[in-house]
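Asks: First the structure, which I've put down as structure tokens, then a few questions once you've had a look.
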Amino acid sequence: RATGPATQPGRNLRGALAATASSGYWGSCSAARALRGNRALLQGGNKANFFSMRSKKIFGLSISLILINLASILERADENLLPAVYKEVSAAFNAGPTDLGYLTFLMNFLKSIASPLAGVLALHYDRPAVLAIGTVFWAVSTGAVGVSHYFGQVAFWRAVNGFGLAIVIPALQSFIADSYKDGTRGAGFGLLALIGSIGGTGGSVLATIVAGSDYYGLPGWRLAFIAVAFVSLFIGFLVYFYVIDPRKMSPSHFGSDEDQERSVLVSNGALPPHSIWKDSWTAARSVMKVRTFQIIVLQGIVGSLPWAAVVFFTMWFELIGFDNSSSAALNSFFAIGCAMGSFLGGVIADRLSRYYPDSARIMCAQFSAFMGIPFSWILLTAIPQSVEYWSAYAVTLFLMGITISWCATCANNPMFAEVVPPRHRTMIYAFDRAFEGSFGSLAAPAVGMVTEKIYGYNAKTVDLANGSVKGAYALSRGLLTMMIVPFGLCFMFYTPLYSLFKRDRDNARLASMKEQELI
Numbered sequence: 017r018a019t020g021p022a023t024q025p026g027r028n029l030r031g032a033l034a035a036t037a038s039s040g041y042w043g044s045c046s047a048a049r050a051l052r053g054n055r056a057l058l059q060g061g062n063k064a065n066f067f068s069m070r071s072k073k074i075f076g077l078s079i080s081l082i083l084i085n086l087a088s089i090l091e092r093a094d095e096n097l098l099p100a101v102y103k104e105v106s107a108a109f110n111a112g113p114t115d116l117g118y119l120t121f122l123m124n125f126l127k128s129i130a131s132p133l134a135g136v137l138a139l140h141y142d143r144p145a146v147l148a149i150g151t152v153f154w155a156v157s158t159g160a161v162g163v164s165h166y167f168g169q170v171a172f173w174r175a176v177n178g179f180g181l182a183i184v185i186p187a188l189q190s191f192i193a194d195s196y197k198d199g200t201r202g203a204g205f206g207l208l209a210l211i212g213s214i215g216g217t218g219g220s221v222l223a224t225i226v227a228g229s230d231y232y233g234l235p236g237w238r239l240a241f242i243a244v245a246f247v248s249l250f251i252g253f254l255v256y257f258y259v260i261d262p263r264k265m266s267p268s269h270f271g272s273d274e275d276q277e278r279s280v281l282v283s284n285g286a287l288p289p290h291s292i293w294k295d296s297w298t299a300a301r302s303v304m305k306v307r308t309f310q311i312i313v314l315q316g317i318v319g320s321l322p323w324a325a326v327v328f329f330t331m332w333f334e335l336i337g338f339d340n341s342s343s344a345a346l347n348s349f350f351a352i353g354c355a356m357g358s359f360l361g362g363v364i365a366d367r368l369s370r371y372y373p374d375s376a377r378i379m380c381a382q383f384s385a386f387m388g389i390p391f392s393w394i395l396l397t398a399i400p401q402s403v404e405y406w407s408a409y410a411v412t413l414f415l416m417g418i419t420i421s422w423c424a425t426c427a428n429n430p431m432f433a434e435v436v437p438p439r440h441r442t443m444i445y446a447f448d449r450a451f452e453g454s455f456g457s458l459a460a461p462a463v464g465m466v467t468e469k470i471y472g473y474n475a476k477t478v479d480l481a482n483g484s485v486k487g488a489y490a491l492s493r494g495l496l497t498m499m500i501v502p503f504g505l506c507f508m509f510y511t512p513l514y515s516l517f518k519r520d521r522d523n524a525r526l527a528s529m530k531e532q533e534l535i
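Given below as structure tokens:
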């Protein structure tokens with residue numbers, strides 16, 4: 017019988033299975049070591065062929081990156097569906113701004129508090145599987161909103177939708193962080209935001225336009241939810257079967273042989289659950305001790321308030337008197353500006369960080385936060401609230417979007433990737449979403465309450481079909497209150513990073529070097 021390399025992997029595999037069957041957990045450890053040796057022999061064969069099938073490139077882009085960006089497009093489209101049809105949902109369920117704000121609050125709150133689960137899952141499982149699970153949750157819940165007949169049903173499914181997004185978003189961010197080097201992550205996150213904005217803009221525009229008509233007796237806004245659900249489900253299956261986790265492409269990036277052994281044990285159910293949660297808790301504690309993380313989360317809690325208030329722009333435009341198409345076009349100008357600004361901010365910060373590695377990203381973030389103050393005042397106060405000033409609104413929204421959208425891509429996301437070891441990146445993005453989103457989700461109902469209680473908006477007396485001068489004025493003042501002050505505070509909260517970021521980055525690099533020495 018031949019006993020060369022071709023038969024050796026089979027022996028290792030049989031030995032691994034025998035060890036597992038005979039010795040329980042410790043036998044599983046031996047099995048993992050045997051499988052690790054077996055894996056080394058197969059690296060030039062079946063494993064290479066398996067990855068090469070899914071590593072093919074189309075127009076210079078890998079299939080994995082194409083599908084990840086498609087998932088980002090659908091994720092953003094799903095987020096923007098409900099705000100785009102606030103008017104129609106308000107009429108269908110007799111809901112006022114506060115009720116609509118609570119729908120957004122439920123989704124954002126669940127998206128926030130469930131985000132750490134993404135960090136736990138990604139620490140022990142491949143991210144394509146994590147992304148697929150989250151996509152199924154958001155797809156099913158989005159379709160369910162489209163067939164709901166009671167406001168309570170809509171609220172429940174929006175909460176489920178938030179749970180799905182909680183799993184997807186941190187996994188997407190860490191996937192991009194692992195796919196780019198330190199000096200290019202701004203452009204990487206900017207490209208993700210740019211492409212994702214296509215989905216956000218497309219979803220918002222499509223829903224706003226379709227919402228104005230019925231299709232075979234089905235209201236247009238319901239059709240939009242159902243259509244996005246089916247497409248999202250399809251993309252989720254593609255991600256699961258065709259996306260490769262960057263950690264698989266570079267095993268040393270993930271950690272030592274013990275980490276790979278742990279992955280084998282987890283996937284086969286041999287690692288005790290308490291060990292999984294203990295590792296996750298240890299990773300979470302190490303992330304939350306990082307000072308840069310604490311400061312960015314603090315400014316993010318305040319800085320997320322204006323962005324949560326922006327979801328009322330469509331309703332405000334329609335109260336001014338703009339029709340569905342005009343409102344959709346205005347939203348498109350703002351979304352296009354934000355998409356371009358996200359990419360531009362990331363690229364500029366990357367370039368400047370070559371010369372000022374310790375401060376360039378912080379300066380770019382402060383510039384972007386400051387620009388939100390004058391543009392919010394111009395948009396909500398200086399321009400007369402009349403349909404005759406559509407062009408003025410369009411130009412202002414575009415310039416506002418291109419300048420206030422830098423923070424995440426130029427500073428927050430790239431800096432997060434530099435201040436923790438690579439294997440903790442999903443965890444830091446997950447906890448960022450947990451803290452920022454849970455507090456920021458209060459902004460939507462807060463805008464509704466400020467509009468109704470302080471500025472006198474009354475849903476029962478407002479004519480949504482023909483617009484309302486009084487209603488538009490009240491809503492604009494509520495939006496102004498929730499935008500100018502948070503932008504100013506956000507600018508100030510970035511300042512401590514000038515002294516903290518360099519120290520935390522150096523500590524993370526030292527920790528990564530120590531991990532590499534153990535390999």
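When we follow this note's numbering, the leftmost residue of the sequence shown carries the number 17, and every step to the right adds one. A virtual CB, placed ideally from N, CA and C, is assigned to each residue, including glycine.
#1: With residue 252 and residue 152 assumed to form a contact (beta carbons below 8 Å), what rounded beta-carbon distance in angstroms separates them?
#2: Could you pull the DSSP bridge partners for residue 220 from this structure?
#3: Let me know if residue 232 comes out buried or exposed under the rule of 16 or more other beta-carbons within 10 Å of its beta-carbon.
#4: Which residue from 109, 96 and 112 puts its Cα closest to that of residue 124?
#5: Can you list, in chain order, the residues of its chain whose CB lies under 8 Å from that of residue 363, leaving out five sequence neighbours each side?
#6: Assuming residue 116 and residue 171 are in contact, meaning their beta carbons sit under 8 Å apart, how far apart are those beta carbons, in whole angstroms?
#7: Going by other Cβ atoms of all chains shown within 10 Å of its Cβ, with 16 needed for buried, is residue 88 buried or exposed?
#8: Between residue 350 and residue 370, what straight-line distance do the alpha-carbon atoms span, to the nearest angstrom?
#9: In angstroms with no decimal places, state the Cα-to-Cα distance between residue 241 and residue 367.
#10: Suppose you measure from the CA of residue 365 to the CA of residue 304; what does that come to, to the nearest Å?
#11: What are the boundary residues of the alpha helix (DSSP H) that includes residue 194?
#12: By a C-beta neighbour count over all protein chains shown, 10 Å radius and 16 as the cutoff for buried, is residue 347 buried or exposed?
#13: Taking contact to mean 3 or more Cβ pairs, one atom from each stretch, closer than 8 Å, check whether the region 412-430 and the region 140-154 are in contact.
#14: By Cβ distance, which residues of its chain are closer than 7 Å to residue 145, with the 5 residues on each side in sequence left out?
#15: Please list, in chain order, all residues of the same chain as residue 513 whose beta carbon is under 7 Å from its beta carbon, the five residues on each side excluded.
#16: So, are the CB atoms of residue 316 and residue 434 less than 9 Å apart?
#17: With 16 as the cutoff for other CB atoms within 10 Å, does residue 127 come out buried or exposed?
#18: Rounded to whole angstroms, what is the Cα-Cα separation between residue 466 and residue 439?
#19: Going by DSSP, name the residue or residues bridged to residue 142.
#20: Can you give me the Cβ contacts of residue 356 inside the same chain, cut-off strictly under 6 Å, excluding the 5 residues immediately before and after it?
#21: Within 10 Å of its beta-carbon, does residue 508 have 16 or more other beta-carbons around it, so buried, or fewer, so exposed?
#22: Counting along the chain, where does the alpha helix (DSSP H) carrying residue 430 start and finish?
#23: Could you check where the alpha helix (DSSP H) with residue 369 kicks off and where it finishes?
#24: Can you tell me which of 386, 464 and 211 puts its alpha carbon nearest to the alpha carbon of residue 86?
#25: Can at least three beta-carbon pairs, one atom from the region 157-177 and one from the region 400-407, be found at a separation below 8 Å?
Replies: Taking the structure as given:
#1: Contact flag correct, Cβ pair sits at about 6 Å.
#2: For residue 220, which the question treats as bridged, DSSP gives no partner whatsoever.
#3: By the beta-carbon neighbour count (other beta carbons within 10 angstroms, threshold 16), residue 232 is exposed.
#4: Taking each of 109, 96 and 112 in turn and checking the Cα distance to residue 124, the smallest one comes out for 96.
#5: If you ignore the 5 residues before and after residue 363, its C-beta comes within less than 8 Å of the C-beta of 202, 203 and 206, all in its own chain and listed in chain order.
#6: With 8 Å as the limit, residue 116 and residue 171 do not qualify as a contact, their Cβ atoms being about 11 Å apart.
#7: Buried, because 16 or more other Cβ atoms sit within 10 Å of the Cβ of residue 88.
#8: A straight-line Cα-Cα distance of about 30 Å links residue 350 and residue 370.
#9: Each residue's Cα considered, the two are about 40 Å apart.
#10: Those two C-alpha atoms are separated by around 25 Å.
#11: Counted as a single uninterrupted DSSP element, the alpha helix (DSSP H) harbouring residue 194 occupies residues 167-195.
#12: If you draw a 10 Å sphere on the C-beta of residue 347, you find 16 or more other C-beta atoms in it, and that means buried.
#13: Taking a cut-off of 8 Å on C-beta distances, the region 412-430 does not touch the region 140-154, as fewer than three cross pairs fall below it.
#14: Scanning its chain for C-beta atoms nearer than 7 Å, with the 5 sequence neighbours on each side dropped, one finds around residue 145 the residues 256, in chain order.
#15: Excluding sequence neighbours, residue 513 sits near 308, 311 and 378.
#16: The answer is no: Cβ separation not under 9 Å.
#17: With 16 or more neighbouring CB atoms inside 10 Å of its own CB, residue 127 falls in the buried class.
#18: Here the alpha carbon of residue 466 sits roughly 43 Å from the alpha carbon of residue 439.
#19: Residue pairing of residue 142 in beta bridges, as defined by DSSP: absent, with no partner found.
#20: 418.
#21: Residue 508 counts as exposed, since fewer than 16 other C-beta atoms from the protein chains shown sit within 10 angstroms of its C-beta.
#22: 429-434 is the span of the alpha helix (DSSP H), which, as asked, contains residue 430.
#23: Note, residue 369: alpha helix (DSSP H), 340-369.
#24: Nearest option by C-alpha distance: 211.
#25: Segments in contact, no.
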